[in-house]
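Have a look at the structure below, then the notes.
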Amino acid sequence: MQILRTSRILAASLLFGVLALSGAARAEVPAPVEVPAFVAGSLFSPNAAFIAEVMPTLAADVVILSGGLEQGLRRGMVCRVTRGPMEIGELIIIESRSDRAAGLILELVEDFTIQSGDVARIKTLQNS
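At position 41 of the sequence shown (counting the first as 1) the number is 907 in this note's numbering, and the numbers step up by one without a gap.
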């Protein structure tokens, strides 16, 4: 009698386990969690800023950049200025604040001028 009761309990628990597992297999898969945009971004600064404005002065034209220390621009750094795929000149950073920087033009391709919207990117060396 005791053996019969034990086998019924064992069979019932086995059946319950099978039903529980089959129910878990049919459960809905939760929707994917939306990942914030900053996760996909780089941990490093872009080392580039847009030209905000070019201010002519008596001695030289001062180029104002829409980025500064937060973009990795430091005083004394040389930047290449590009418009689309074309490199049009170089400038040196003379002042840098958290969100603004100023530079002086070092070099300019003939028949070009630096304009707002151009991109200044830190000039780096590549070892191959």
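Glycine included, every Cβ here is placed at the ideal spot set by N, Cα and C.
By the three-class DSSP mapping on this structure, what secondary structure does residue i have?
i, result
"L991", "coil"
"E936", "helix"
"V975", "coil"
"A926", "coil"
"I980", "coil"
"R946", "strand"
"S962", "strand"
Please report the distance separating the alpha-carbon of residue i from that of residue j.
i, j, result
"T979", "R946", "13 Å"
"A890", "Q937", "Note on A890: pLDDT 49, under 50, position unreliable in the model; the coordinate value appears next. The straight-line gap from Cα to Cα measures roughly 50 Å."
"R940", "F916", "15 Å"
"I954", "P896", "52 Å"
"A926", "M952", "23 Å"
"D1031", "T923", "The shown model of the chain, from 867 to 994, leaves out residue 1031, and the question about it has no answer."
"G969", "P898", "46 Å"
"I960", "E976", "23 Å"
"I988", "E919", "18 Å"
"L957", "L991", "16 Å"
"T948", "I930", "15 Å"
Would you kindly report the start and end of the unbroken beta strand (DSSP E) that includes residue i?
i, result
"P896", "It is not in any beta strand (DSSP E) - P896 carries neither H nor E in the DSSP assignment."
Taking buried to mean at least 16 other C-beta atoms within 10 Å of its own C-beta, is residue i buried or exposed?
i, result
"Q981", "exposed"
"G950", "exposed"
"G942", "exposed"
"G983", "exposed"
"V901", "exposed"
"L876", "Below a pLDDT of 50, predicted positions are generally treated as unreliable, and L876, at 48, falls in that range; the measurement from the model is reported next regardless. So L876 ends up on the exposed side."
"L972", "exposed"
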